[in-house]
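Colleague: The sequence shown finishes on residue 658 if you use the working numbering, and the numbering steps up by one all the way, no holes. First the structure, then my questions, so here it is.
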Amino acid sequence: MTVRSLQALADLPRPTPRHLVVAALAGLIAFLSTLPGDLAQPGRMTLAVSGLAILGWIGTRIPESLVALAAVLVLVLTGVLTEAQLFAALGSELIWLLLSAFVIAAVAREAGLTQRLVAPLLARGMRVLPFFLCLTLAIAATGFVLPSTSGRAALLLPVFAAIAAALPDPGLKRPLALLFPTVILLSAGGSLIGAGAHLLAAQAIQGATGIHLGYLEWAALGLPFSLLASLIGAGLILWIFVPRKALLAPLPRIATPAPDPASRARQGRIALVLALVVGLWLSAGLHGIGMALVALIGALVLLTPPFTSRKPKEIFRAVDTELLLYMTATVLIAEAMVATGTDRWLAGHGLAVLPARLSGSLPAVVALLSLVAVAAHLAITSRSARAAVLIPAVALPLAALGHDPALMILIAVMGTGFCQTMMASAKPVAIFGNAEEAGFDQRDLIRLALPLAPAVTALLIGFALLVWPQQLAQLRPSDAPRMQPAASLVAPAVALVPARAAPAVDATRPVPRPALAARPAARKAAPARRQADPGLQRLNRLLRPAGIRLIIR
């Protein structure tokens with residue numbers, strides 16, 4: 106080894122304490138994944154890869170897309186996911202929806218339609234604080250007409266770009282970029298079509314209690330909570346990222362040039378197509394055409410000469426390919442969590458935290474469920490997947506302890522609205538975080554999440570204890586079956602018996618339990634059991650798709 110090589114080694118950057126902590130945590134995660142346990146090998150691998158991906162997103166400066174793609178490749182190479190699943194995910198409905206939304210947004214932006222929509226806000230010369238609050242209410246209102254947080258984010262991205270380009274202070278771009286995904290996610294709970302998880306929750310509530318939640322009933326339950334959560338999020342963004350002197354600083358009146366008659370006519374045609382797209386989204390139950398297909402039709406129409414003068418290949422350059430790959434990777438990680446049963450394993454261990462003596466305490470159960478629902482986005486990045494796991498694996502078992510199933514399900518689904526901790530936690534965060542004009546990174550998300558998470562949790566607990574029980578009591582039909590307090594009043598303990606996981610990772614349901622006829626004949630001579638509780642039987646029928654069964658000992 107020469108003096109020159111020694112000098113080159115000395116010039117290498119030394120590891121910082123953060124690098125050492127990240128390396129130590131990565132080694133700890135890898136070591137824990139090798140320890141024996143009740144989780145199968147594919148599940149342990151998925152849990153370890155997800156933990157390492159979260160560590161990479163939070164603790165390193167490696168681009169989030171590279172971390173996500175590396176995690177998916179490890180899952181494929183280790184056999185947790187198949188190559189067919191990897192390539193099929195690129196053709197999922199979400200990818201086509203985002204691709205179409207990018208094309209629609211590019212055409213609308215090129216025609217000046219987005220600038221025309223935000224012109225009234227910019228022309229008023231409002232101060233920073235009321236401007237952000239009015240913008241919060243406007244973003245929240247879009248949840249009643251756009252049935253997807255991803256679709257809202259993709260269509261509101263050009264609106265953000267138009268406002269950001271017109272702001273006189275560059276320092277306001279970062280809080281503005283954080284405001285859009287925060288309000289999109291927190292306000293979605295006010296609308297039944299705001300997220301697919303709400304439809305799943307409404308169906309589960311009707312099956313468990315007989316309460317039918319329509320569009321207006323859901324708004325009565327979720328809108329006050331979602332609106333307050335959105336305003337709290339906007340207030341924290343202003344408090345953390347905007348200097349105190351700038352809060353009441355007036356924004357200059359920004360006059361946007363009036364379009365010429367030809368441009369105005371073209372904007373009208375594009376607005377008509379957008380209205381038709383939204384109308385078809387809202388009436389999907391009548392015609393049966395999916396959101397992605399409707400958006401693709403709208404994008405194809407807008408690529409024709411009456412709507413744009415640019416060539417299609419120029420429009421397609423506006424599609425963020427990195428974001429599409431990143432979304433595909435996060436969806437695959439979520440699918441691996443579900444397919445291997447890791448989500449149910451985590452939910453079961455979360456229930457074990459509640460002491461038996463507190464199982465009958467409504468405040469304790471509400472607090473536990475609220476914490477689990479708010480923190481679930483750290484392990485399950487899909488909002489619908491979180492609801493699909495929390496409702497059968499956490500909410501309904503807690504209801505069997507003697508609590509209202511409708512209240513438990515509502516807490517679980519409303520808590521899933523908070524998912525702003527990481528870029529990979531929610532698709533709207535990734536969409537705005539990867540935008541060129543955004544200007545925020547993972548550290549900014551952590552700074553916002555630290556005060557916002559306890560604030561949303563406290564608000565959720567307050568509504569669950571003071572507001573929603575009275576509202577649900579008014580909505581409950583008089584002939585609805587009432588759930589029996591099977592665990593807290595009749596038996597000393599309730600055990601969760603998970604079904605055996607299927608040997609193949611690709612399975613979407615656990616292996617069905619053997620029929621009664623296949624049991625040994627000696628069981629027939631056993632003494633007759635007492636009649637099963639009807640309420641417990643209803644809960645077991647709802648829990649059966651998740652592979653969970655409640656037993657009274």
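Note that beta-carbon positions come from the ideal geometry of N, C-alpha and C, so glycine has one too. All figures in this text were calculated on a predicted structure; none of them were measured in a lab.
On the DSSP bridge list, what partners appear for P355?
Modeller: In DSSP, P355 forms a bridge with R232.
Colleague: Could you give the first and the last residue of the continuous alpha helix (DSSP H) run that contains V713?
Modeller: With the chain covering 106 to 658 only, the question about residue 713 has no answer from this structure.
Colleague: Around the Cβ of R123, are there at least 16 other Cβ atoms within 10 angstroms (buried) or fewer (exposed)?
Modeller: The residue in question, R123, is exposed, as its Cβ has fewer than 16 Cβ neighbours within 10 Å.
Colleague: Out of curiosity, what's the CA-to-CA distance linking L621 and L381?
Modeller: Low per-residue confidence applies at L621: pLDDT is 37, beneath 50, and the placement is therefore not dependable, though the value from the model is reported in the following sentence. The alpha-carbon atoms of L621 and L381 are separated by roughly 54 Å.
Colleague: Using alpha carbons as the reference points, say which of L140, T165 and G164 lies closest to A153.
Modeller: The shortest Cα separation from A153 among L140, T165 and G164 belongs to L140.
Colleague: Between the segment 322 to 341 and the segment 237 to 256, can you find at least three pairs of beta-carbon atoms closer than 8 Å?
Modeller: Segments in contact, yes.
Colleague: With H, G and I counted as helix, E and B as strand and the rest as coil, what does DSSP make of S170?
Modeller: Three-state result, S170: helix.
Colleague: Rounded to the nearest angstrom, what separates A282 and L550 at their Cα positions?
Modeller: Going from the Cα of A282 to the Cα of L550 covers about 11 Å.
Colleague: Would you call the segment 507 to 525 and the segment 469 to 489 touching, i.e. three or more CB-CB distances under 8 Å?
Modeller: Enough Cβ pairs lie closer than 8 Å, so yes.
Colleague: How about F285 and F537: are their beta carbons less than 8 Å apart?
Modeller: Yes, these two residues count as a Cβ contact at 8 Å.
Colleague: Our contact map puts V212 next to T413 with C-beta atoms below 8 Å; I'd like the distance itself, whole angstroms only.
Modeller: Going by Cβ atoms, the distance from V212 to T413 rounds to 5 Å, so yes, they are a contact pair.
Colleague: Nearest by alpha-carbon distance to E300: which of A492, T562 and L506 is it?
Modeller: Sequence inspection shows Ala at residue 300; the Glu mentioned does not correspond to that position. Comparing Cα-Cα distances from A300 to each of A492, T562 and L506, the minimum goes to A492.
Colleague: Quick one: is L381 near chain C, going by C-beta distance under 8 Å?
Modeller: The structure shown contains no chain C; it holds only a single protein chain.
Colleague: Just the Cα atoms here: how many angstroms apart are L353 and L234?
Modeller: Roughly 6 Å separates the two Cα atoms.
Colleague: If you draw a straight line from the C-alpha of P358 to the C-alpha of F236, how long is it?
Modeller: The question names Pro, but residue 358 is Arg in the sequence shown. If you take the alpha carbons of R358 and F236, they lie about 12 Å apart.
Colleague: If you draw a straight line from the C-alpha of L580 to the C-alpha of I316, how long is it?
Modeller: Distance between the alpha carbons of L580 and I316 is about 6 Å.
Colleague: Alpha carbon to alpha carbon, how far is A145 from T445? Give it in angstroms, no decimals.
Modeller: Computed Cα separation, rounded: 8 Å.
Colleague: Taking just the CA atoms, how far does A498 sit from E440?
Modeller: Rounded to the nearest angstrom, the two C-alpha atoms are 17 Å apart.
Colleague: Could you pull the start and end residues of the alpha helix (DSSP H) that L550 belongs to?
Modeller: Start and end: Q547 to L571.
Colleague: T247: buried (16+ other C-beta within 10 angstroms of its C-beta) or exposed?
Modeller: It is buried - the Cβ of T247 has at least 16 other Cβ atoms within 10 Å.
Colleague: Within 10 angstroms of the Cβ of P225, are there 16 or more other Cβ atoms? Answer buried if so, exposed if not.
Modeller: Per the 10 Å Cβ criterion, exposed.
Colleague: In angstroms, rounded to a whole number, what distance separates the CA positions of R119 and A135?
Modeller: Going by the C-alpha atoms only, they are around 24 Å apart.
Colleague: Specify the secondary structure class of W144 as computed by DSSP and reduced to three states.
Modeller: Per the sequence shown, the amino acid found at residue 144 is Leu instead of Trp. Of the three classes helix, strand and coil, the one that applies to L144 here is coil, per DSSP.
Colleague: Are the beta-carbon atoms belonging to A313 and L501 less than 8 Å from one another?
Modeller: Yes, the pair counts as a contact, with Cβ atoms nearer than the cut-off.
Colleague: State the DSSP-derived secondary structure class of C524, mapped to helix, strand or coil.
Modeller: Residue state, collapsed to three classes: coil.
Colleague: Between P364 and R214, which are expected to be in contact by the criterion C-beta below 8 Å, what is the C-beta distance as a whole number of angstroms?
Modeller: The pair is not a contact, with the Cβ atoms about 13 Å apart (cut-off 8 Å).
Colleague: Pick from P460, A457 and A531: whose alpha carbon is nearest that of R488?
Modeller: Among P460, A457 and A531, the Cα nearest to that of R488 belongs to A531.
Colleague: Answer yes if the segment 365 to 372 comes into contact with the segment 552 to 559, meaning at least three C-beta pairs across the two stretches below 8 Å, and no otherwise.
Modeller: In short, these stretches do not touch, since the Cβ pair count stays below three.
Colleague: Rounded to the nearest angstrom, what separates A258 and W386 at their Cα positions?
Modeller: Distance between the alpha carbons of A258 and W386: 15 Å.
Colleague: Distance check for A469 and A461, CA to CA, integer angstroms please.
Modeller: Cα-Cα distance, rounded: 11 Å.
Colleague: For L318, which of R548, V534, I514 and M527 has the nearest alpha-carbon?
Modeller: Minimum Cα distance to L318 is reached at I514.
Colleague: Confirm, please, whether the CB-CB distance from I200 to T287 is below 8 Å.
Modeller: No, these two residues do not count as a Cβ contact at 8 Å.
Colleague: Would you call the CB atoms of G184 and V127 closer than 8 Å?
Modeller: Contact: no.
Colleague: Output needed for G338: all residues of its chain with C-beta closer than 7 Å, excluding positions within five of it in sequence on either side, in chain order.
Modeller: Hits under 7 Å: T287, V288, L291 and L557.
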